[in-house]
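Colleague: The numbering of the sequence shown is the UniProt record's numbering, which starts it at 1 and goes up by one.
Here it is, the structure, as structure tokens.
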Amino acid sequence: MASIPTLSPSLTKLFSHSTPHSNTNHCTLPPTSLFGTRITLQRATSSSCSLPNTNCRATSATVSFSLPSPKPLSDAPEKTPKWSARATKSFAMAELEARKIKFPNTGTEAILMGILVEGTSRAAKFLRANGITLFKVREETLNLLGKSDLYYFSPEHPPLTEPAQLALEWAIQEKLKSGEGGEINVTHMLLGIWSQKESAGQIILASLGFDDEKAKELAKTIDGGDVDLSFKRQT
1 MASIPTLSPS LTKLFSHSTP HSNTNHCTLP PTSLFGTRIT LQRATSSSCS
51 LPNTNCRATS ATVSFSLPSP KPLSDAPEKT PKWSARATKS FAMAELEARK
101 IKFPNTGTEA ILMGILVEGT SRAAKFLRAN GITLFKVREE TLNLLGKSDL
151 YYFSPEHPPL TEPAQLALEW AIQEKLKSGE GGEINVTHML LGIWSQKESA
201 GQIILASLGF DDEKAKELAK TIDGGDVDLS FKRQT
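Here you go:
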């Protein structure tokens, strides 16, 4: 009967000296073990088994970079307004909606959809209270602009169209002109879309019943931020 192969004494000695708490990441077998070849084993470490955490904030960093930023105020740079968290998320959702319908750019219609996808801002609630929903906006977008090629793939961050860029810049300027503290919120963003006459977003809003009177009504709450703290039930 053939003999059963066993570990060489040197190999047995190696494992007997290894401890679970050792900080050494490499261990080398003696040259006499196995076939006389020196073999290096590397222990798995937590750093080699885990994914890098540098990508955790990649989305928010990219979105903040894509959104136009106000120029720092010369007299008080620390008071320069920034985009609110809901506005930033609305913009991220706008890019996603543009990709979903395979559009090459993020237009005013995509920003409008992004506002409704985010859904928790005062502006989004105002739209829904007036019968303007994500489903209706998406349907009107495809009716107005048509469907994209089935085999077209949008870029990861579809660049802004000129009307969308102007709408966001309008939001910034409106906030700066107010002289009030706080952030550039989703209401600024929505009214910026409405300010761009003949843009896709403005045409879609008008087709769904949004008008100058509703814009004025919404503008009254523009300095109240994205969250309605009045707890007043909207009808």
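Just so it is clear, CB atoms sit at the ideal spot from N, CA and C, and this is done for glycine as well.
Predicted model only: the values in this text are computed from it and were never measured.
1) Distance check for L168 and W194, CA to CA, integer angstroms please.
2) Go through its chain and collect everything with a Cβ distance to I184's Cβ below 8 Å, but skip five positions before and after it.
3) With DSSP run on the structure shown, which of helix, strand or coil describes I101?
4) Are the beta-carbon atoms of L160 and A200 separated by less than 7 Å?
5) What does the alpha-carbon distance come out to for the pair D223 and K216?
6) What do you get for F135, buried or exposed, if any count of 16 or more other CB atoms within 10 angstroms of its CB means buried?
7) Can you tell me whether D149 is buried or exposed, with buried defined as 16 or more other CB within 10 angstroms of its CB?
8) For V117, would you say it is in contact with chain D, using Cβ-to-Cβ distances shorter than 7 Å as the test?
9) So, at 6 Å on beta carbons, what are the nonlocal neighbours of T120 in its own chain, with the 5 sequence-adjacent residues on each side left out?
10) Would you kindly work out how many angstroms separate the C-alpha atoms of G131 and G225, rounded to a whole number?
11) Return helix, strand or coil for T59, following the three-state DSSP convention.
12) I'd like the span of the alpha helix (DSSP H) that includes L176, first residue to last.
13) When DSSP builds the beta bridges, which residues end up paired with residue 239?
14) Once DSSP output is grouped into helix, strand and coil, what is the label at T141?
15) Go ahead and pull the three-state DSSP assignment for I204.
16) Taking the alpha carbon of E162 as the point to measure from, which residue in G107, L116 and M113 has its own alpha carbon closest?
Modeller: Inspection of the coordinates gives the following:
1) The residue given as residue 194 occupies position 194 in the sequence shown. The residue given as residue 168 occupies position 168 in the sequence shown. Each residue's Cα considered, the two are about 11 Å apart.
2) Here the question's residue 184 lines up with position 184 in the sequence shown. Closer than 8 Å at Cβ, skipping near neighbours: P70, P81, K82, W83, S84, A87, A171, I172 and K175.
3) In the sequence shown, counting from the first residue as 1, residue 101 sits at position 101. Coil, per DSSP.
4) Counting from 1 along the sequence shown, the entry for residue 160 is found at position 160. Counting from 1 along the sequence shown, the entry for residue 200 is found at position 200. Not in contact: L160 and A200 (Cβ atoms no closer than 7 Å).
5) By 1-based counting over the sequence shown, the position of residue 223 is 223. By 1-based counting over the sequence shown, the position of residue 216 is 216. Each residue's Cα considered, the two are about 13 Å apart.
6) Taking the first residue of the sequence shown as 1, we reach residue 135 at position 135. Result: exposed.
7) Position 149 of the sequence shown, counted from the start, is the residue given in the question as residue 149. Exposed.
8) Of the chains in the structure shown, none is chain D; there is only one protein chain.
9) Taking the first residue of the sequence shown as position 1, residue 120 is located at position 120. Contacts found: none.
10) In the sequence shown, residue 131 corresponds to position 131, counting from 1. In the sequence shown, residue 225 corresponds to position 225, counting from 1. Between G131 and G225, the C-alpha separation is close to 22 Å.
11) Residue 59 sits at position 59 when you count from the first residue of the sequence shown. Note on T59: pLDDT 43, under 50, position unreliable in the model; no value is reported.
12) If you number the sequence shown from 1, residue 176 lands on position 176. First-last of the alpha helix (DSSP H) with L176: E162 to S178.
13) Nothing in the structure corresponds to residue 239, since the chain is present only between 1 and 235.
14) Here residue 141 is taken as the residue at index 141 of the sequence shown, counted from 1. Helix, per DSSP.
15) Taking the sequence shown and counting its residues from 1, one reaches residue 204 at position 204. Of the three classes helix, strand and coil, the one that applies to I204 here is helix, per DSSP.
16) For the purposes of this step, residue 162 is taken as residue 162 along the sequence shown, with counting starting at 1. The candidate whose alpha carbon is nearest that of E162 is G107.
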